[in-house]
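S.K.: Have a look at this one.
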Amino acid sequence: MNAPVPRNLTKADFTSDQTVRWCPGCGDYSILSNVQKVFPELGVPRENIVFISGIGCSSRFPYYMNTYGMHTIHGRAPAFATGLKIARPELSLWLVTGDGDGLSIGGNHLFHILRRNVDVNILLFNNRVYGLTKGQSSPTSEFGMVTKSTPGGAFDQPVRPVSFALSSGATFVARALDTDPKGLQAVFKAAAAHHGTAFVEILQNCPIFNEGTWDSITERSLREDRLVRLEAGKPLVFGKDRNKGIRLRGLKPMVVEFDPEQVPTDLLYHDPEDDMYSHIVSQFDHPDYPVPLGVIHQVERSTHEDTILEREHLQREQKGMGDLKALIRGQQAWTVN
Amino acid sequence: MTTLHAVPRTELQTVTVRFAGDSGDGMQLTGSQFTSTAAFIGNDISTFPDFPAEIRAPAGTLAGVSGFMLGFSSQDIHTTGDFANVLVAMNPAALKVSLMDLEKGGIVIVNSDNFSKNDLRKAEYKENPLEDGSLENYRVVPIPISSLTIKATEDSGLSHKEAGRSKNFFALGALCWLFDRPLDYTLEWIASKFKNRPEVCKANTQALNAGFNFGLNTEVFQESYRVRPAKMPAGEYRQITGNQALSYGVVAAAKQSGRTVLYASYPITPASDVLHELARHKHFGVRILQAEDEIAAMSAAIGASFGGALGVSGTSGPGLDLKSEALGYAVMTELPVVLLNIQRGGPSTGLPTKTEQSDLLAALYGRHGECPIPIVAPCTPGDCFLMALEAFRIAINYMTPVILLSDNSLANGAEPWRLPDLSTLPDLTPNFRTEAEGFHPYLRDPETHARPWALPGTPGLEHRLGGLEKDHDSGNINYEPENHERMVRVREAKIQAVAKTLAPLEVMGPKQNEVLVVTWGSSYGPSRSAVEKLQAQGQPVSLLVLRHLNPLPEDLGTVLANFRHIFVPEMNRGQLAHVLRAEFLVDAISFHKVQGRPFQITEIEHRIRALLRKSRPKAEAVD
C-alpha cells in the first residue's frame, strides 16, 4: 500500500463526508467544531484515533469525525471502549456520551470504566434532558423541571456528573461549556495528555427541549459572577471585578468578597491533585457557589490495560510464549498402544 | 445392567459408582480422583457431577447433598450408565437423595458414624434406614469412616476436627481396594497438591492407606472386582471436562490466528470455570476482563474484535438473554465474536447447576429484527475443543458473531480424550484489509459474503461502524427501503453460505433405515449407547449427531428423507424437533425430558422400541 506522506493535519482532515444532522442551534455543533480544531494539535496520527459512542443525540458524533469510529448500543460505549483498549492499548480512544446514555442506562459502565482507569477520554454532553427521544427527564434534570414524562415536574434527585466521576475513582475530572471555545480546547488538550480515564462534563444547550438550561450561569452579564475558572496553584477568585473568592471555615466553603488590590492570602487554592479538596470543589453549584470550569481533579494511577500488559509480560518471562501441546497434554496423560 | 456376583475378584465390564455427601465433604474431589485412576488404568470413563446451587447448605440436610457419578468400563461407553452399582453415602441425607440412582442389589457403603438421631432428623428420616429394613434390597456396608479416619491420622499433627476432613480419602481408599485400583496415582496427586501443607498431605495419605487396608484386612466386603482396560484407539490420552476443552480451544484459537484473545465474561454457573482456566494462560496472549455485567462482557468482546483481537464471551441462560442486544449489534456491524453459552435449566434463574438444552431457540431467534447467527454445538466433553475452534473459523471467515451451545453435563462431565494432532488444527490467520485503494467497508467477498475486516491503526481505512442500517457498499447510515431489504437478505445469505464449508454428515448405521435418531449436545452420549444396544440386537436404527445447528448442513434434508421415522431426544420441550419440522416438513418425533438430569440409556431405548413396535406388524416386533 502507499506509505502515508507525513504532513500537518488540519481541521478538514478530521471532518467526515457525512452531513451533520443535529438541530439548528444545538450546542453539539460548537463541541464538534472545537474537537476538530484541536485534534491536529494533539500529534496523534488520524488512523490511531477511535471515537466510540452510545445512543442519543451526542452519540452521532463519531459519524462526523474522519477517524475510526463505533456508534454502539445505548449506554454500553464504556464497555466497548474497555475491550478495544485492552486489545489495542496504543490507540487513542475518545468516548462521547450524554446525561441519559452515560448516567442512566449506562451508569454502571461509566462507573466501572472510571474505577478501572482505562485510558479513554470521555466527553459527556450534559443538556439535562433526553433529546433523541423527544424531551423526557434525564438523571441530571433539575427538581421541578417540566418534561413530557414529568408534567408535574421532575422529582428525583439530580446527579452531579463530576461528583459521580470523582466518587467512582476518576483520575481526571473536568468541566467545560459548549459556548466557550477556549475552555473547551484547553480541557480537550489536558484530557488527551492525561494517562488514564479523563472525564469531561460539557454543559450543553438543547434549543428544542431544554432551551436556556444553563443560562442562569452562562448568560454573558452573569457568568463572571457565577462561574469560577480553575487554575492549578492559583486561588479560587471570580467575579466581574475579580473581587470574590472562596475560603474554608472548617470543612464549609464560604464565598468572600474583597478588595481586588488586596487579595487575601487565606483563600482556597486550586490543587487538582488533592482528593479531599477536589471532592469539595466538585460540589460547588449555583446559586450558593460559583460553578467551577476547567480541570477539577487530576492524579496519576496505573491504568487497567497497563496492569494487564505488565502481567502478560511477567508471565511470558516466567513461562515463555506458551506451549499449546504441553498445555492440552496436562500433567497426567497416558498412552494407549 | 451389570450385576455383581458373589465371587472373590469378579471380572466386570462396566461399573457405575456414585459418591454422595455434604457439599463440604469433598465428594467432587473423591470422584474426580477415582476417575483419574480409572482413566490412568486405561478404562473408558464417563462422569456426571451433580451438585446443589447452594455453596454450603446446612450440613446434613437434603438440600446440601453433592454427588458425583462415574462410569468406568472395559468397553467404549458414552454415559455413566443409568444406575449406580455402588453408592458411597457419607450421611443419611446423601443416602436418601441417591437411593433412586442405585440399582436393586447394589452395594451401599455408608459412613455409619453419621447416623445419629440428629443426623437422621436433618435428613428427614423417621426411622434409621440401616435398622428398619428399608434397605433390604441392597447390600449395605456400614463403615465408621469418620472415627477410623481420626484414628488413622492420629500422628498427622492435625486436630481431630481437621484430620476428620480426610474422611473422603478413607472412602476413596476403600473403593480402590474394592475395585483393585492402585493408590500411587492418588498418592502422587496428594503429594503435589498439598506440598505446602505437610500435615494435610500426611493426613490424607494416612486416610487413603487406611481405607485401602480396611478393605484388605476386614471381611466387610465379601468380594472385590476388576474392570480391565478398554480397547481404545492408539494414542496419547488425558481426562478432560467440557469446560476445560472449551478453554483450551480458546487458547488454541489465539495460537492458530496469531491474534490476542480477549475473554470478557461475568461470573455465572456453569461457565465460570472457563474464566478461571483462561485467567491462568496470559502468556498465550489471552487477556481477561471480568466485566461488570453480562452486557458489558459481550460489548467488550465486540470492541476487542473491532481492534483485530478475537473477542470471546462466556455465559449461561440468563446471560444469553442480557447479551442479545449486543449480539444484534455484532450482526449489524459484522464483526467476528464468539459466545460460549453453557446451558443450564431455565427460564429465569432456573436450575443453575443442572443440565438442559433449552437455549437453542433463544440462540436461533432470541433477538429483535432478522438477526441470524451461526450456532455450533459440541457433543462430548472432548469435542468442545474442536468446536470452539470451529466457532472461531466461522466467525473470522464470515465476519459474524457465533454462538457455541454447550451444556452443564458436557461442561462438568469428563471423558478420556485422545490428544489431537496439532498440525491438523485449522489455520485461523485473519485476512485483514490494508489496501486503502478501493476500500468500501461493506463491499463483500463474492463467495463468503463477508465484508473486509479493517483495523484502527491502518492509514486510509478510517471508517465508522454502528447499529443503524448500513449502506450496502459504503457502510454509511442508509434508511432507504430497498437497501434495508437487500441488507437483511445479504446478512442471511452470508450465514447460509457457511453450510457450503461443512463436511458431509456421517450416519452411524445404515443410511436408509426405519428410524434415525437425531441428536445434539450431551444427549448424544445416551442416544449413542441406546442405538448401539439396539443395533447389536439387529434393530433397524441409525444415529445422526448435529454439531452445526445454524446453518443446518446442506445434506441434512437428503439424509432425513431416507428414514421412515425421525426421532429426536432432547433435554427441552422439543426445540430441535421443532426446527427440523419447520425446515424439512418431516414428522420429527420429539422425545423430551426437562428434569435437570441427562437421559438414561434405557429411557431412549424403550421409546425407540415402542416406535418400532408401532411402525411394524405385530409379528415382527422384537421386545
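Protein chains in written order, with my numbering: chain A, 1 to 337; chain B, 1 to 623.
All C-beta atoms, glycine included, are put in the ideal place defined by N, C-alpha and C.
#1: With which residues is Gln-298/A paired in a DSSP beta bridge?
#2: Can you list, in chain order, the residues of its chain whose CB lies under 8 angstroms from that of Thr-150/A, leaving out five sequence neighbours each side?
#3: Going along chain A in order, which residues have a C-beta closer than 8 angstroms to the C-beta of Ala-326/B?
#4: Can you tell me which of the three DSSP states Asn-108/A falls into?
#5: Tell whether a beta-carbon distance below 8 angstroms holds between Phe-199/A and Ile-86/A.
#6: Using 8 angstroms as the Cβ pair cut-off and three pairs as the minimum, do the segment 418-437 of chain B and the segment 347-365 of chain B touch?
#7: Applying the criterion that 16 or more other CB atoms from any shown protein chain within 10 Å of the CB defines a buried residue, is Ala-252/B buried or exposed?
#8: Please state whether DSSP places His-606/B in a helix, a strand or coil.
#9: Alpha carbons only, please: which of Lys-255/B, Ser-406/B, Lys-500/B and Ala-304/B is nearest the one belonging to His-283/B?
#10: What are the residues in the segment 477-494 of chain B lying within 8 angstroms of chain A by C-beta distance?
#11: Taking buried to mean at least 16 other C-beta atoms within 10 Å of its own C-beta, is Asn-337/A buried or exposed?
#12: Of the choices Gly-557/B, Leu-552/B, His-548/B and Val-518/B, whose alpha-carbon is the least far from that of Val-627/B?
#13: Please classify Cys-57/A as buried or exposed, where buried requires at least 16 neighbouring CB atoms within 10 angstroms.
#14: Which residue's Cα is closest to the Cα of Ala-63/B: Lys-593/B, Ala-94/B, His-78/B and Leu-70/B?
#15: Would you mind stating whether Thr-72/A and Ser-299/B have Cβ atoms separated by less than 8 angstroms?
#16: Of all the options Ser-16/A, Gly-183/A, Ser-59/A and Ala-174/A, which has the alpha carbon lying nearest to the alpha carbon of Thr-133/A?
#17: Do you know how far the Cα of Leu-172/B is from the Cα of Val-331/B?
#18: Since Ala-454/B sits in a beta bridge, which residues does DSSP pair it with?
#19: Using Cβ-Cβ distances below 9 angstroms, what residues of the segment 451-466 of chain B are close to chain A?
#20: With Tyr-365/B as the anchor, note down where its beta strand (DSSP E) starts and where it stops.
#21: Please classify Ile-55/B as buried or exposed, where buried requires at least 16 neighbouring CB atoms within 10 angstroms.
#22: Report yes or no: is there a C-beta of chain A within less than 8 angstroms of the C-beta of Glu-236/B?
#23: Below 7 angstroms between beta carbons is the criterion; list the residues of the segment 311-337 of chain A that meet it against any residue of chain B, in chain order.
#24: Have a look at Arg-301/A, Ile-202/A, Met-276/A and Gly-294/A and flag the residue whose alpha-carbon is nearest the alpha-carbon of Lys-234/A.
#25: Tyr-248/B versus chain A: which residues are under 7 angstroms apart at the beta carbon?
#26: Quick one: what does DSSP say Met-145/A is sitting in, helix, strand or coil?
#27: Tell whether a beta-carbon distance below 8 angstroms holds between Val-261/B and Val-274/B.
#28: Could you tell me if Thr-3/B is buried or exposed, where buried requires 16 or more neighbouring beta carbons within 10 angstroms of its beta carbon?
#29: I'd like to know whether the C-beta of Asn-62/A is nearer than 8 angstroms to at least one C-beta of chain B.
#30: Rounded to whole angstroms, what's the CA-CA distance from Ile-477/B to Gly-466/B? Just pull it up for me.
#31: State yes or no: is the C-beta of Gly-382/B within less than 8 angstroms of the C-beta of Ile-604/B?
#32: Could you give the DSSP three-state label for Trp-22/A: helix, strand or coil?
#33: Below 9 angstroms on C-beta distance, what does Ala-38/B contact in chain A?
#34: Could you have a look at Met-65/A and say whether DSSP puts it in helix, strand or coil?
#35: Just the chain A side, please: which residues come within less than 9 angstroms of Gly-242/B by C-beta, in chain order?
#36: To the nearest angstrom, how far is it from the Cα of Lys-252/A to the Cα of Ser-163/A?
M.R.: In short, the structure shows the following:
#1: Phe-172/A
#2: Gln-136, Ser-137 and Ser-141
#3: Ile-73 and Arg-76
#4: helix
#5: no
#6: no
#7: buried
#8: helix
#9: Lys-255/B
#10: Ile-477
#11: exposed
#12: Residue 627/B is absent from the structure shown; chain B starts at 1 and stops at 623.
#13: buried
#14: Ala-94/B
#15: yes
#16: Ser-59/A
#17: 51 angstroms
#18: Arg-433/B
#19: Ala-454, Leu-455, Pro-456, Gly-457, Thr-458, Pro-459, Gly-460, Leu-461, Glu-462, His-463, Arg-464, Leu-465 and Gly-466
#20: Careful: Tyr-365/B lies outside any beta strand (DSSP E), inside the alpha helix (DSSP H) at 360-365.
#21: exposed
#22: yes
#23: Arg-311, Glu-312, Gln-315, Arg-316, Lys-319, Gly-320, Met-321, Gly-322, Leu-324, Lys-325, Leu-327, Ile-328, Arg-329, Gly-330, Gln-332, Ala-333, Trp-334, Thr-335, Val-336 and Asn-337
#24: Gly-294/A
#25: Leu-327 and Ile-328
#26: coil
#27: no
#28: Bear in mind that the predicted position of Thr-3/B carries a pLDDT of just 35, short of 50, making it too unreliable to give a figure here.
#29: At residue 62/A the sequence reads Pro, which differs from the Asn that was named. Closer than 8 angstroms: yes.
#30: 8 angstroms
#31: no
#32: coil
#33: What Ala-38/B touches in chain A: nothing, since even the nearest Cβ is about 11 angstroms away.
#34: strand
#35: The premise fails here: Gly-242/B is roughly 14 angstroms from chain A at the closest Cβ pair, so nothing lies under 9 angstroms.
#36: 17 angstroms
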